[in-house]
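Residue numbers (the UniProt record's numbering), protein chains in the order written: chain A, 1 to 406; chain B, 1 to 406; chain C, 1 to 406.
Each residue gets a CB set at the ideal place from its N, CA and C atoms; glycine is no exception.
In what follows, a structure is listed as structure tokens, so that the remarks can point back to it.
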Amino acid sequence: MAPKYAPSLRSRLAPILLILQTGFFIIAALCFEYKQFIRLDREFQDVNVMLILGFGFLFTFPVRYGFSGSGFNLLVAVIATQWALILNGINSWYNTKIRIDLKSIINAELCTMSALISIGAVLGKTNQVQLILIALLEVTGFILNQWLLLTLLKVRPLNSIMLLFVFGSLFGLMLTWILHRKTQEKRFEKEKFDNKSGLFSMLGTLFLWMFWPSFNSILVDENHKLRAVCNTYLALAVSAVTAAALAVLSSPRGKLNPIQMQSSILSGGVTVSVSMSVVEHPWEAMALGFTAAVISAVGFRYLKNLMLIAYECHDTCAVLSTYGLPGLLGWLVQLILQIKNSDDHTVMLRFVVFHMCALFITISVSLLTGILTAFLLKWKFWRTPQNNKCFDDQAFWEFPNLVVRK
Amino acid sequence: MAPKYAPSLRSRLAPILLILQTGFFIIAALCFEYKQFIRLDREFQDVNVMLILGFGFLFTFPVRYGFSGSGFNLLVAVIATQWALILNGINSWYNTKIRIDLKSIINAELCTMSALISIGAVLGKTNQVQLILIALLEVTGFILNQWLLLTLLKVRPLNSIMLLFVFGSLFGLMLTWILHRKTQEKRFEKEKFDNKSGLFSMLGTLFLWMFWPSFNSILVDENHKLRAVCNTYLALAVSAVTAAALAVLSSPRGKLNPIQMQSSILSGGVTVSVSMSVVEHPWEAMALGFTAAVISAVGFRYLKNLMLIAYECHDTCAVLSTYGLPGLLGWLVQLILQIKNSDDHTVMLRFVVFHMCALFITISVSLLTGILTAFLLKWKFWRTPQNNKCFDDQAFWEFPNLVVRK
Amino acid sequence: MAPKYAPSLRSRLAPILLILQTGFFIIAALCFEYKQFIRLDREFQDVNVMLILGFGFLFTFPVRYGFSGSGFNLLVAVIATQWALILNGINSWYNTKIRIDLKSIINAELCTMSALISIGAVLGKTNQVQLILIALLEVTGFILNQWLLLTLLKVRPLNSIMLLFVFGSLFGLMLTWILHRKTQEKRFEKEKFDNKSGLFSMLGTLFLWMFWPSFNSILVDENHKLRAVCNTYLALAVSAVTAAALAVLSSPRGKLNPIQMQSSILSGGVTVSVSMSVVEHPWEAMALGFTAAVISAVGFRYLKNLMLIAYECHDTCAVLSTYGLPGLLGWLVQLILQIKNSDDHTVMLRFVVFHMCALFITISVSLLTGILTAFLLKWKFWRTPQNNKCFDDQAFWEFPNLVVRK
């Protein structure tokens with residue numbers, strides 16, 4: 001029989017947090033210095049809203065897991081951002097100083113986003129200590145990948161950073177695949193939502209949806225910024241319509257599925273993120289939005305269950321169909337459009353090889369670091385919550401004055 | 001006896017969505033092209049927040065209708081915006097191309113807003129297919145009205161677009177009046193709110209309230225932008241105080257009514273929207289806020305019930321008192337202030353006639369297209385939900401893992 | 001036995017609101033005029049979001065007090081802002097006119113923020129009339145304090161306005177201490193939260209957290225604006241990590257406390273607000289974030305209960321540990337860093353004396369006006385809600401269509 005109480009994390013979480021934060025502080029004291037600032041405060045704030053509010057509330061859909069969803073997300077986000085700030089800084093080391101400005105914080109937050117996507121796959125089945133480890137290792141892997149792409153293939157950061165969706169979702173899938181529990185039922189007892197927790201999750205999703213145009217325009221240079229905003233909006237709009245059509249089509253009684261909708265309406269944004277630099281015309285963005293929604297909806301309906309049954313891979317937030325497949329589509333579109341636009345045969349061929357290598361490296365690094373992280377997390381030392389404590393705030397939070405509903 | 005299950009929309013909704021989206025796509029592929037961009041990304045985002053989050057969550061107050069409120073709103077908003085983009089483009093046809101930039105998307109979103117206001121009147125009593133039809137026809141009517149005003153009376157777009165509040169609310173009233181069901185009780189069984197769904201609705205209302213100053217300043221030229229922001233804030237502040245005072249006064253036991261508050265605190269913003277170009281001094285804005293709140297509160301308390309009982313017109317979101325009456329007040333104020341400011345008698349008289357004609361045309365087009373739309377919607381083909389399926393998510397959404405509350 | 005119904009506020013609230021608003025209107029009509037505008041619309045909107053949404057939803061955590069929390073907050077905020085606009089205007093009287101622009105509205109909103117902090121201490125135990133009185137008197141006291149600091153000590157407004165956290169929390173503590181009811185139990189019957197109302201409160205807190213960097217940069221001159229954004233973000237990030245670590249450490253079973261987290265994650269922002277002008281390096285901001293979170297967490301765990309038991313001072317939102325102590329820490333840090341940076345002994349000594357006098361004046365004015373206000377509020381005329389009507393929307397709101405949960 002499983003023990004009645006969830007294991008205490010006091011001796012694990014507190015030391016880890018304090019050691020990490022002290023380490024970050026020492027590095028900051030020794031190496032951080034501000035450089036000349038570029039006016040990016042609005043962009044910074046928009047990314048912040050997406051990370052903290054968007055993902056935070058997206059994660060509140062399990063009915064008893066709202067505090068954990070939004071609270072752990074905040075915790076993980078700020079740790080991962082500090083860590084990414086340091087790693088990115090080492091990359092662009094300048095006279096033994098890490099130079100910080102709003103742009104470097106925004107870059108760090110984009111790395112954090114890849115970690116939050118991974119966390120979506122294991123949401124509810126891990127404790128905070130494990131989430132923090134995931135974030136640290138994922139960010140490390142992602143920055144390693146960016147460094148590899150830059151060093152080996154001269155991929156511009158603008159392009160390599162947007163592979164975060166592919167990287168994050170594959171990393172997350174590896175995690176949840178290896179962490180699968182033999183004793184586990186098809187579904188966790190408490191993996192449910194009610195209409196209010198679903199609305200909180202809708203709130204988070206809508207924040208992501210609304211701020212995606214701004215997100216996509218952040219790294220783009222001034223001349224193409226507004227085109228990126230328009231393209232993203234059009235892709236998102238078409239995604240939303242297509243997602244609804246497919247949800248109704250794939251339901252025997254013609255009903256919409258709220259979780260599927262929340263997953264598919266974002267897919268157009270993801271695809272445009274990855275392929276941004278080559279999408280020029282409105283109709284291209286709309287076609288992307290349509291294709292992304294189709295792939296995402298099909299993935300959600302059929303792949304998610306297939307993965308669960310055939311491969312024992314339980315993907316809580318459907319990260320594969322929400323971010324992974326649309327991300328891959330974006331990569332493909334970038335390839336195709338680049339081929340279409342190029343005249344020179346040799347240049348084109350070289351680009352194709354480079355582009356495929358970039359994806360190959362990304363997928364390899366993602367899978368490898370994901371597997372590594374997963375095995376580390378399997379260690380009993382981290383006190384994984386028991387099955388019946390999964391998706392349950394009670395295991396991690398104390399509520400002295402909670403209303404008891406009879 | 002009514003059938004037990006809500007009718008399936010599979011064979012209606014999916015084809016309509018796919019046909020519409022394919023049509024939009026073809027038009028986009030043939031005619032859309034980007035033009036030189038103006039930096040309006042922040043303005044675009046603010047309008048987006050109002051449409052998607054503001055109206056979306058405003059519509060979540062019925063306790064079992066949260067997903068429909070916010071989800072259908074998103075769906076309708078993106079369809080209406082694409083449609084308005086096309087229609088507006090045809091209006092300013094340029095070398096067989098529709099030129100798109102952030103400004104044209106913002107304009108399209110304002111047209112969408114008039115459709116969302118109409119939808120407020122029939123919320124909960126129609127299915128998604130009907131909502132989409134309403135949006136398409138309403139946007140068509142509204143753009144036709146703008147075109148008429150421009151062609152016949154040379155009304156500047158800045159002034160004609162802000163009549164959206166009058167247009168939208170009258171259109172909505174016609175809909176709900178003609179769609180009234182004979183068998184219907186005074187109130188629908190499920191038209192209720194609980195304290196949590198009320199808070200979600202409060203969230204949406206506050207988003208509208210907070211972003212209204214920014215909304216009002218969007219179309220104003222650079223020199224008067226910030227004055228519009230200040231004016232709107234003052235009007236909204238006075239509205240909020242007045243709304244509370246009147247709610248307490250009109251309640252026998254001195255209590256506030258949350259729905260009435262949500263409706264009245266916005267009225268000042270609506271009035272300033274319509275009369276923006278002539279309001280110059282802070283006290284004028286404050287006086288507008290006060291008058292608008294009085295009209296809106298009186299309308300909510302007495303007119304809403306009167307309409308329901310005497311005219312069998314069930315106005316779910318009280319669009320008449322929230323947007324219609326304050327909008328008309330704004331029109332009147334514009335007239336009065338313009339008269340006050342003009343010296344020349346002939347010019348003044350001409351303005352009065354023009355201004356009254358503009359309102360007359362707007363009201364006529366709105367009522368006519370509203371009636372037309374309503375009769376189209378009455379067609380059984382659209383499978384209107386039965387009375388006991390109104391205000392119920394279960395009729396439109398499937399919830400495989402919903403918590404059952406015993 | 002206490003009366004069964006809450007006393008009606010009809011004859012109190014409505015006249016007060018109408019008289020106040022009429023008064024404001026007359027002053028506006030006589031004295032307000034717009035001056036040349038500075039482009040501060042984004043800053044204005046961010047402060048607005050913090051006041052209306054941040055504080056509004058922070059106050060929704062009591063399970064039956066959501067409408068009051070968010071609704072009264074709106075009401076109080078708009079009244080206090082208008083009042084502060086007038087008082088600030090008299091301060092900078094110009095040719096018998098009060099000149100208004102976005103900057104003066106932002107300043108007024110900062111004064112309002114100090115009132116909202118005070119209200120946090122008495123939340124749930126007072127009615128709207130009392131809240132309005134508190135706001136009016138608190139704003140008066142705060143502006144008086146700013147005027148004293150400017151006149152006597154030449155403290156720059158940038159520095160004096162940020163003492164709002166110290167002023168507001170001490171004012172609030174005085175209120176709740178003097179208003180303590182003899183008959184009151186340790187806890188009010190309805191002072192509880194459930195997991196949904198807690199999430200709404202989390203939403204408000206996260207909005208405060210996300211917009212704090214923007215808030216801190218509002219009054220800073222253009223050259224140091226972006227540094228203030230970065231500093232605040234770093235301090236907030238470290239606060240969040242430290243708050244979680246300390247919450248786990250101080251809980252016997254290693255769990256997090258949601259209310260404590262919500263209180264402590266903001267502390268870094270508060271401290272940086274007060275000490276902004278002297279914090280230069282990233283590590284300083286991070287050290288501030290750490291120290292603030294420690295002080296805030298210790299204050300929450302031990303001081304809050306001590307105050308309740310030993311001094312009979314019931315601090316609903318823990319304003320002392322959330323804003324008061326971190327604010328004092330910010331003051332101290334400003335002192336220390338200024339001493340460290342100055343070379344001249346005499347200048348330094350003079351600064352120390354001035355700085356201590358500034359705090360002494362602020363604390364005195366805050367305590368005095370707080371005590372005065374509290375005694376005014378004790379007057380039976382205001383109809384304080386009975387103990388069993390505290391933290392209960394039913395006493396102030398009417399719900400004609402509320403769902404009754406059996």
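The beta strand (DSSP E) spanning A:Glu33 covers which residue range?
Against the first sequence, residue 33 of chain A aligns to sequence position 33. It spans 32-34 - the beta strand (DSSP E) in which A:Glu33 sits, taken as one unbroken run.
What are the residues of the region 196-212 of chain C that lie near chain B, defined by any Cβ-Cβ distance shorter than 9 Å?
Lys196, Ser197, Phe200, Leu203
Going straight from the alpha carbon of C:Leu235 to that of C:Leu102, what length do you get?
Position 235 of the third sequence, counting from 1, holds the residue named residue 235 of chain C. Position 102 of the third sequence, counting from 1, holds the residue named residue 102 of chain C. Correcting the residue type first, residue 235 of chain C is Ala in the shown sequence and not Leu. In a straight line, the C-alpha of C:Ala235 is about 28 Å away from that of C:Leu102.
Could you please tell me which residues of the region 130-153 of chain C, in chain order, have their CB closer than 8 Å to any CB of chain B?
none
Neighbour-count burial assignment, A:Trp83, 16 or more Cβ in a 10 Å radius:
As a first step, residue 83 of chain A is located in the first sequence; it is residue number 83 there, counting from the start. Per the 10 Å Cβ criterion, buried.
Can you name the residues of chain C whose CB is closer than 9 Å to the CB of A:Arg10?
Position 10 of the first sequence holds residue 10 of chain A. Within chain C, the residues near A:Arg10 are Val248, Leu249, Ser251, Pro252, Arg253, Gly254, Lys255.
Can you grab the Cα-Cα spacing for the pair B:Phe351 / B:Leu332, in whole Å?
Locating residue 351 of chain B in the second sequence gives position 351, counting from the first residue. Locating residue 332 of chain B in the second sequence gives position 332, counting from the first residue. Their backbone Cα atoms lie some 13 Å apart in a straight line.
Is C:Trp397 close to chain B, meaning its C-beta is less than 9 Å from at least one C-beta of that chain?
As a first step, residue 397 of chain C is located in the third sequence; it is residue number 397 there, counting from the start. It does; some Cβ of chain B falls within 9 Å.
Identify every residue that forms a DSSP beta bridge with B:Leu256.
Counting from one through the second sequence, the residue named residue 256 of chain B turns up at place 256. Beta-bridge pairing links B:Leu256 to C:Trp397.
Any C-beta of chain A under 9 Å from that of B:Gly56:
One-based indexing of the second sequence puts residue 56 of chain B at position 56. Judged by the 9 Å Cβ criterion, B:Gly56 is in contact with chain A.
Given this structure, state the Cα-to-Cα distance separating C:Leu158 from A:Val129, to the nearest angstrom.
Here residue 158 of chain C refers to the residue found at position 158 when the third sequence is read from its first residue. Here residue 129 of chain A refers to the residue found at position 129 when the first sequence is read from its first residue. If you take the alpha carbons of C:Leu158 and A:Val129, they lie about 41 Å apart.
Where A:Gly56 and C:Ala243 are concerned, what is the direct C-alpha to C-alpha distance, given to the nearest angstrom?
As a working note, residue 56 of chain A is residue 56 in the first sequence. As a working note, residue 243 of chain C is residue 243 in the third sequence. Cα to Cα, A:Gly56 sits roughly 18 Å from C:Ala243.
Please state whether DSSP places A:Met1 in a helix, a strand or coil.
Counted from its first residue, the first sequence places residue 1 of chain A at position 1. With a pLDDT of 43 at A:Met1, under the threshold of 50, the modelled position of that residue is not reliable, and the figure given next carries that caveat. Three-state DSSP puts A:Met1 in coil, outside helix and strand.
Taking C-beta to C-beta, are B:Gly66 and B:Ser197 nearer than 9 Å?
To locate residue 66 of chain B, count along the second sequence from 1; it is residue 66. To locate residue 197 of chain B, count along the second sequence from 1; it is residue 197. Result yes, Cβ atoms of B:Gly66 and B:Ser197 sit closer than 9 Å.
Under 9 Å between the Cβ atoms of A:Ala135 and A:Ile119?
On the first sequence, residue 135 of chain A is found 135 positions in, with the first residue counted as 1. On the first sequence, residue 119 of chain A is found 119 positions in, with the first residue counted as 1. Taking 9 Å as the Cβ cut-off, A:Ala135 and A:Ile119 qualify as a contacting pair.
Thinking C-beta only, is A:Asn145 closer than 9 Å to A:Val353?
The residue given as residue 353 of chain A occupies position 353 in the first sequence. The residue given as residue 145 of chain A occupies position 145 in the first sequence. Their beta carbons are not under 9 Å apart, which means A:Val353 does not touch A:Asn145 by this criterion.
A:Leu164 to B:Ser160, Cα distance in whole Å?
Looking up residue 164 of chain A in the first sequence gives position 164. Looking up residue 160 of chain B in the second sequence gives position 160. Approximately 45 Å, taken between the alpha carbons.
Are the C-beta atoms of A:Asp344 and some chain B residue less than 9 Å apart?
Against the first sequence, residue 344 of chain A aligns to sequence position 344. Output row for A:Asp344: interface = no.
Which partner residues does C:Arg99 have in the DSSP bridge list?
As a working note, residue 99 of chain C is residue 99 in the third sequence. Paired residues: C:Glu33.
Please go through the same chain and pick out, in chain order, the residues whose beta-carbon is closer than 7 Å to the beta-carbon of C:Lys97, but skip the five residues on each side of it.
Sequence index remark: in the third sequence, residue 97 of chain C carries index 97 (1-based). The residues are Cys31, Glu33.
Would you say B:Asp392 lies against chain C (beta-carbon separation less than 9 Å)?
On the second sequence, position 392 is the one that residue 392 of chain B refers to. So no, B:Asp392 is outside the interface.
Can you tell me the Cβ-Cβ gap for A:Leu74 and A:Ile106, rounded? I've got them flagged as a contact below 8 Å.
Counting from one through the first sequence, the residue named residue 74 of chain A turns up at place 74. Counting from one through the first sequence, the residue named residue 106 of chain A turns up at place 106. A:Leu74 to A:Ile106, Cβ: 18 Å. No contact.
Figure out for me which residue from B:Gly124, B:Asn95, B:Ala77, B:Tyr5 has the closest Cα to the Cα of B:Cys111.
Position 111 of the second sequence, counting from 1, holds the residue named residue 111 of chain B. Nearest C-alpha to B:Cys111: B:Ala77.
Using only the alpha-carbon positions, how far apart do C:Leu87 and C:Gly141 sit?
Residue numbering aside, residue 87 of chain C sits at position 87 when the third sequence is read from its first letter. Residue numbering aside, residue 141 of chain C sits at position 141 when the third sequence is read from its first letter. The straight-line gap from Cα to Cα measures roughly 11 Å.
A:Phe200 beta carbon less than 9 Å from that of A:Asp46
Working through the first sequence from its first residue, we reach residue 46 of chain A at position 46. Working through the first sequence from its first residue, we reach residue 200 of chain A at position 200. Result no, Cβ atoms of A:Asp46 and A:Phe200 do not sit closer than 9 Å.
Along the chain, where does the alpha helix (DSSP H) that runs through C:Cys357 open and close?
Here residue 357 of chain C refers to the residue found at position 357 of the third sequence. First-last of the alpha helix (DSSP H) with C:Cys357: 345-378.
May I ask you to verify whether the region 300-318 of chain A touches the region 167-176 of chain A, counting CB pairs closer than 8 Å and requiring at least 3?
yes
Do we get a CB-CB distance below 9 Å when we pair A:Thr81 with the residues of chain C?
On the first sequence, position 81 is the one that residue 81 of chain A refers to. Chain C, which has a Cβ nearer than 9 Å to the Cβ of A:Thr81, makes this yes.
If you reduce the DSSP assignment to three classes, tell me which class A:Leu335 lands in.
The residue labelled residue 335 of chain A in the question sits at position 335 within the first sequence. It is helical.
Against chain B, does C:Pro400 count as a neighbour if the rule is that its beta carbon must be under 9 Å from one of theirs?
Taking the first residue of the third sequence as 1, we reach residue 400 of chain C at position 400. Yes, contact with chain B.
Minimum length 3: unbroken beta strand (DSSP E) runs contained in the region 78-134 of chain A
98-100
Exposed or buried, A:Asp221, counting other C-beta atoms within 10 Å across all chains shown (16 or more means buried)?
In the first sequence, residue 221 of chain A corresponds to position 221, counting from 1. Exposed, because fewer than 16 other Cβ atoms sit within 10 Å of the Cβ of A:Asp221.
Any residues in the region 283-304 of chain B with a beta carbon nearer than 8 Å to a beta carbon of chain C? Which ones, in chain order?
Trp283, Met286, Ala287, Phe290
When the cut-off is 9 Å and only beta carbons count, does C:Ser92 lie next to chain B?
Your numbering for residue 92 of chain C matches position 92 in the third sequence. No, no contact with chain B.
As a quick exercise: from A:Leu226, A:Lys255, A:Ile336, A:Arg253, pick the residue whose alpha carbon is nearest that of A:Pro282.
Looking up residue 282 of chain A in the first sequence gives position 282. Ranking A:Leu226, A:Lys255, A:Ile336, A:Arg253 by Cα distance to A:Pro282 puts A:Leu226 first.
C-alpha distance - B:Phe44 paired with A:Glu189, whole-angstrom precision:
Mapped onto the second sequence, residue 44 of chain B falls at position 44. Mapped onto the first sequence, residue 189 of chain A falls at position 189. So the two alpha carbons sit approximately 43 Å from each other.
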